[in-house]
Structure formats: structure tokens, C-alpha cells
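Let me begin by presenting the structure, written as C-alpha cells, before commenting on it.
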Amino acid sequence: MTAAAIAAPLEVLTLSLQGETFALDAAIVHEILDWVPITEVPNARPFVGGLLNVRGKVVPFADLRVSFGMERPERTQDTRIVVIGVPLAGEPTLVGILAEKVFEVTTLLPAALEEPPPIGMRWNPEFIRAIGKRGDDFIIVLAIDRVFAAQEAASRH
């Protein structure tokens, strides 16, 4: 779905990775957790940081910073794990992702959303659903399903 195809307001959760403001469709967010212990998984795919216990369920943990080629600074008191539902192998699956900081749930109007520019982006434009504008700030709205689909495809090769 491109930004031009977003005809209705988009409710998003905004979060920070490496000082950039990203957003996820709020509809896929299940909960936001303080830092919890992560069990490492030997020989796991690089973007899989381990496993979490979320209310008695085993949930994989993915670090988006790996997918985006970012450094991994130490966690702080603001670090959170955002539990989201993503389609993996055709099934909705809970996944925990790291957020260096969670800001707010906000609504982006269609007029404030644009397609990502074809050049000049630090990240693969395929992973970006839209660029939201709020005042002088930009919010990178992730196409999180495409991020995980690309990681799954890369791990099969």
C-alpha cells in the first residue's frame, strides 16, 4: 500500500530508533512492555534477538536496528519492547520489537502522508509505508509486514 492509497486517517504508535521517529500502525500493537529478560537462541537468524515470555506465551524478539543496519546502543530506562501482531508464513504471529523510546499514539491525516522518496533514504524504501509530516518533523511509517517478509526470505537463502 502506498501513501497515495491511504485515504483515511492513520492511527500510529510513534517510537524512536537511533534518534529517528518511526511509526507502526496502532492496530497491530498488542502491548508495550518495560524491558524483560530475553533468552538468546543459538544459531538464530541475525534479526532474531531471542525469545520472550509474554503472559505465558513464547514470543520471538526482533531487533529492527539489525534490519536497518543501525548500531545497537545499550538499553536505557526508556527502552521498551513493543509486542505486535505480524503475518509470518501466512499466520498472524506475536513478535516483540525493540523501541529505544515510545512516544505516543497519534493520528496522521492523509494530507500529511507522502510516499518515500526513491533516493536519499537510509533504509530500503520497500520497508516504508509512508512519510508522515507533523510540523517540521517527519515520521517514518513502517511497512512492518514487508520488513519481516524480507527477513524471512533472506533467511531461506
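Sequence positions in the sequence shown follow the UniProt record's numbering and run 1 to 157.
Heads up, the beta-carbon is just placed ideally off N, CA and C, and yes, glycines get one too.
Tell me the residue span of the alpha helix (DSSP H) that contains L64.
The sequence position of residue 64 within the sequence shown is 64, counting from 1. Counting along the chain, the alpha helix (DSSP H) containing L64 begins and ends at 64 to 67.
Mind the definition here: the stretch 25 to 34 touches the stretch 73 to 82 only if three or more C-beta pairs lie below 8 angstroms; say whether that holds.
yes
Between the stretch 108 to 119 and the stretch 131 to 149, do three or more beta carbon pairs fall short of 8 angstroms?
yes
At the level of alpha carbons, what is the spacing between G19 and R55?
On the sequence shown, position 19 is the one that residue 19 refers to. On the sequence shown, position 55 is the one that residue 55 refers to. G19 and R55: Cα-Cα distance of roughly 30 angstroms.
Residue from S67, P37, L24, A26 whose Cα sits closest to the Cα of R45
Taking the first residue of the sequence shown as 1, we reach residue 45 at position 45. Selected option, being the one with the closest Cα: S67.
Residue range of the unbroken beta strand (DSSP E) whose run includes L52:
To locate residue 52, count along the sequence shown from 1; it is residue 52. Going by DSSP, L52 is part of the beta strand (DSSP E) stretching over 48 to 54.
Taking the straight line between their C-alpha atoms, what separation do you get for M1 and A26?
As a working mapping, residue 1 is identified with position 1 in the sequence shown. As a working mapping, residue 26 is identified with position 26 in the sequence shown. For M1, the predicted structure reports a pLDDT of 46, less than 50, and the residue's modelled location is therefore unreliable. A value from the coordinates is still provided. About 16 angstroms.
Buried or exposed: where does G90 fall if 16 or more other Cβ atoms within 10 Å of its Cβ makes it buried?
Position 90 of the sequence shown, counted from the start, is the residue given in the question as residue 90. Flag for G90 reads exposed.
Let me check understanding here. Comparing Cα to Cα, which of L17, D145, N124 lies closest to M70?
Numbered from its first residue, the sequence shown carries residue 70 at position 70. Checking every option, the nearest Cα to that of M70 belongs to L17.
Would the beta-carbon of A23 fall within 8 angstroms of that of L142?
Residue 23 sits at position 23 when you count from the first residue of the sequence shown. Residue 142 sits at position 142 when you count from the first residue of the sequence shown. Yes, these two residues count as a Cβ contact at 8 angstroms.
In the DSSP assignment, what are the bridge partners of F22?
If you number the sequence shown from 1, residue 22 lands on position 22. Paired residues: L15, I140.
Name the residue from F148, N43, E104, P42 whose alpha carbon lies nearest to the alpha carbon of G96.
Walking along the sequence shown from the start, residue 96 turns up at place 96. Of F148, N43, E104, P42, the residue nearest in Cα terms is F148.
For V36, which beta-bridge partners are listed by DSSP?
One-based indexing of the sequence shown puts residue 36 at position 36. In the DSSP output, where bridge partners are listed per residue, V36 has none listed.
Mind checking whether L51 and L98 have CB atoms under 8 angstroms apart?
As a working mapping, residue 51 is identified with position 51 in the sequence shown. As a working mapping, residue 98 is identified with position 98 in the sequence shown. Taking 8 angstroms as the Cβ cut-off, L51 and L98 do not qualify as a contacting pair.
Where T93 and V58 are concerned, what is the direct C-alpha to C-alpha distance, given to the nearest angstrom?
By one-based count along the sequence shown, residue 93 stands at place 93. By one-based count along the sequence shown, residue 58 stands at place 58. Going from the Cα of T93 to the Cα of V58 covers about 11 angstroms.
Look at the alpha carbon of E126 and the alpha carbon of Q77, and state the distance between them as a whole number of angstroms.
Translated into positions along the sequence shown, residue 126 becomes position 126. Translated into positions along the sequence shown, residue 77 becomes position 77. Approximately 31 angstroms, taken between the alpha carbons.
Output yes or no for whether 8 angstroms exceeds the beta carbon distance between V102 and I144.
Translated into the one-based positions of the sequence shown, residue 102 becomes position 102. Translated into the one-based positions of the sequence shown, residue 144 becomes position 144. Contact flag unset, no.
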